[in-house]
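S.K.:
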Amino acid sequence: MQAKRAATAVQRRETRAAWIMLAPNTLGLVLFVFIPIIYAFYLSLFSWNGLTDMKYIALKNFLKLFQDDDYGASLLTTLRYAVTYVPCLTLLSLGIALVVNSLRQAPQEVVRTSVFLPYCISTVISGLVWSFLLDPKLGYVNTVLRYFGLPAQAFLGSPNQALNCIVVTSLWIQTGYYSIIFLAALKDIPRDYYEASNIDGANSWQKFHAITLPHLRNAGSFVLVVSTIGAFQVFDQIKILTSGGPNSATSVAVLKVWETAFTLNKLGYASAQAFILFLILMVFSSIQLKLISSEES
Amino acid sequence: MTIVEKKSRQSFGGIALLLLGVLIGLIFLFPIYIMLMTSIKPVTQIFDLKLIPDTAVFSNYVEIFQKYDFTRCIRNSLIVAVVTTCLSLFMQSTSAYALSRLRFRGKNAVFFLVISTMMVPFSVLIIPLFLIAKALHLTNTLAGIIIPIAANGYGVYLLRQFFFGIPRDMDESAFIDGAGYFQIFFRILLPLCKPILITLATCYFLYNWNNYLWPIIVTTKKELWLVQAGIAGFRSERTVEWNLVFAASVVTSVPLFLLFAFFQKFLVEGIKTTGIK
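These protein sequence lines map, in sequence, to chains A and B.
For what it's worth, my numbering labels the leading residue of the first sequence as 1, then goes sequentially.
For what it's worth, my numbering labels the leading residue of the second sequence as 1001, then goes sequentially.
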């Protein structure tokens, strides 16, 4: 009896300690993630400019979204960005990881560091550097093109090229990060496999196909999913490089939410837009979560 | 194929790969090099596009500090990045300790909450977060930038994993010796977490120093600008003062390059653990 009471006292102390330690972060998560996402949905049911009274309009914001061509166009632009950016990023970071991995220790570190360095630079600065390089009249890129006798390009000023220029900027920023993920996966492949295949007389392509590629499956799917989630949320580079122009050619989903909320003051309508984005991203992030938890087991 | 032939072919391939690697490195470094060089060019020579400036001046650097008070941006950014990083690490490591070591009812529910918040992307929260910050009188304060960012699920998840890797004997023997939970956490476990704490600290500092979207939403006053907003502010509708933009960019990026140089091992380790091997 005595022992049992002592045990419950210990347990009570343990529970109390646990909740004290959990409190700050859990409170933060509830207040700044959990409640906001519910609040976002709640807001999307209202028409509100942030100042006057909120007007309940049920699902009208969502119905309006389906007929809003500008919003549809912004989703399509986001999709086009993602469809260009994600495959390029995956192939580029995989290719670079393979090249870097084949180098000796010293050059390997130098090249890896060079490729990773842009990741340390903010998206704002990266955006500015690239808008300088891509300047239609006096930029370095056009100077090089002219040197080879090619016509100068409008780049960010052209509705057809602007989005691709943003893809290039994003690739410059992010490739280093994703190459490191691939590089780590490459280093995890046991050397014996390659040695065994050498004895069997396999050529480089056969080795790549039979050994390397299957071992990169997890890293590859992680890169695909995480970069897709990132692509659907692209904002900084676009805000800096084009602010959504020219002719809304680079007006992506988050930029649209931001403009609708903070420039046009349509908070309800912007929340509906954000909520749709959330639903789209849910699909990808649940895959991401599954990948992480499969790693754990 | 004789052995000699094979060897020379291999080394030819090796040299080709080395050259390719160097080329890749140069392409990635080129924009940074241009940033550095343009920042020391006099304003009249910016568009001469020379790779090595005819004359090097440091007046651009003087100007961003004297005319534009970039010092204040740096101070604000330092406060935000350092405080957010420390706060995040503290809150998340205590949470992770409770979730990995202590027994209590509701543990699974809290863990589920932590995990599920990892699925919510920040950009869809900006409107409600802004309204909540406003209701809490946090708009136009540095605290308003820090507090809503500090809590996150990812750090808790990674720290919890790390705690699982520490043998339980350590804290159990301390417990028998009469140490309390907080003592065990601070004296025994936290020092063992140093590698993961440095990893997370580097990532958080980088993230907060470079953050742009949330700070420009929650603060509108120029006095509260962080470095990123400050740099973006050297552009107006019509003109861009490139020499100032790049001087400020260099000042802002160099600390991160140094941080990266010092903690490269930890940062790379962090990326590997957040990614999947």
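Where a beta carbon is used, it is the ideal one built from N, C-alpha and C, also for glycine.
1) Establish whether the CB of A162/A and some CB of chain B are separated by less than 7 Å.
2) Any idea what DSSP makes of I1276/B, helix, strand or coil?
3) Could you please give the first and the last residue of the uninterrupted alpha helix (DSSP H) stretch that includes P246/A?
4) Identify whether R104/A lies in helix, strand or coil by the three-state DSSP scheme.
5) State whether the region 75-91 of chain A contacts the region 245-252 of chain A, with contact taken as three or more CB pairs (one from each stretch) at a distance under 8 Å.
6) Based on the DSSP secondary-structure assignment, which residues constitute the bridge partners of V1240/B?
7) Which bits of chain B does W172/A rub up against, with CB to CB less than 8 Å?
8) With 7 Å as the C-beta to C-beta threshold (strictly closer), list the residues of the region 1081-1102 of chain B near chain A in chain order.
9) Inspect the beta-carbon positions of F1028/B and P118/A and report whether they are closer than 7 Å.
10) Of the residues that make up the region 185-200 of chain A, which ones have a beta carbon closer than 8 Å to any beta carbon in chain B?
11) At a CB-CB cut-off below 7 Å, which residues of chain B make contact with Y140/A?
12) Put S47/A into one of helix, strand or coil per three-state DSSP.
13) When burial is assigned at 16 or more other CB atoms within 10 Å of the CB, is F1262/B buried or exposed?
14) If you count every other CB in all the chains shown that lies within 10 Å of the CB of F1112/B, and 16 or more means buried, which is it?
15) Check the DSSP bridge columns for K55/A and list the partner residues they point to.
16) Considering only C-alpha positions, which residue in the set T26/A, L89/A, L241/A is nearest to G220/A?
17) Which of helix, strand or coil does DSSP assign to D192/A?
18) Using a C-beta cutoff of 7 Å, does K1222/B count as contacting chain A?
19) Does the Cβ of P214/A lie closer than 6 Å to at least one heavy atom of the ligand ADP?
20) Using 7 Å as the limit for Cβ to Cβ distance, is T1219/B near chain A?
21) Quick one, which of L145/A, F148/A, A231/A has its alpha-carbon nearest L171/A's?
22) With a cut-off of 7 Å, does the C-beta of P1255/B fall near any C-beta of chain A?
23) Find the residues of chain B that neighbour G28/A, judging by a C-beta separation of less than 7 Å, and give them in chain order.
24) Thinking just about the alpha-carbon of each residue, which of L183/A, F41/A, E14/A, V144/A is nearest to the one in L279/A?
25) Closest Cβ-Cβ distance between F259/A and chain B: below 7 Å?
26) K965/B touches chain A at which residues, Cβ-Cβ below 8 Å?
27) Is the number of C-beta pairs between the region 49-61 of chain A and the region 1138-1152 of chain B that are closer than 8 Å three or more?
28) Counting along the chain, where does the alpha helix (DSSP H) carrying V1120/B start and finish?
29) May I ask which residues mark the beginning and end of the alpha helix (DSSP H) holding F62/A?
30) With a 10 Å radius around its C-beta and 16 neighbouring C-beta atoms as the bar for buried, classify M1001/B as buried or exposed.
31) Let me know if D1177/B comes out buried or exposed under the rule of 16 or more other beta-carbons within 10 Å of its beta-carbon.
32) Where does R1160/B fall in DSSP's three states?
33) Please list, in chain order, all residues of the same chain as T169/A whose beta carbon is under 8 Å from its beta carbon, the five residues on each side excluded.
34) Are the Cβ atoms of P136/A and N247/A separated by less than 7 Å?
35) Run the CB neighbour count on D1171/B, radius 10 Å, all protein chains shown included, and call it buried at 16 or more, exposed below.
36) Looking at chain B, is there any beta carbon in it that lies within less than 7 Å of the beta carbon of Q233/A?
M.R.: So, from the listed chains and residues:
1) no
2) Because the pLDDT of I1276/B is 44, which lies under 50, any placement of that residue in the model is unreliable, and the question is left without a value.
3) Here P246/A belongs to no alpha helix (DSSP H), and DSSP marks it neither H nor E.
4) coil
5) yes
6) R1235/B
7) F1028, P1031
8) M1091, Q1092, T1094, S1095, Y1097, A1098, L1102
9) yes
10) A185, D188
11) I1034, L1049
12) strand
13) exposed
14) exposed
15) S47/A
16) L89/A
17) helix
18) no
19) As presented, the structure is devoid of all ligands, the ligand ADP included, so that no description of it is given.
20) no
21) A231/A
22) no
23) M1091, A1150, A1151
24) F41/A
25) Here residue 259/A turns out to be Glu, not Phe, going by the sequence shown. Judged by the 7 Å Cβ criterion, E259/A is not in contact with chain B.
26) Within the shown structure, residues of chain B are numbered from 1001 to 1277, placing residue 965/B beyond reach of any answer.
27) no
28) Premise fails: V1120/B is in no alpha helix (DSSP H) and is neither H nor E.
29) 60-67
30) For M1001/B, the predicted model reports a pLDDT of 47, less than 50, meaning its position is unreliable and no value from the coordinates is stated.
31) exposed
32) helix
33) S126, G127, W130, Q237, L241
34) no
35) buried
36) yes
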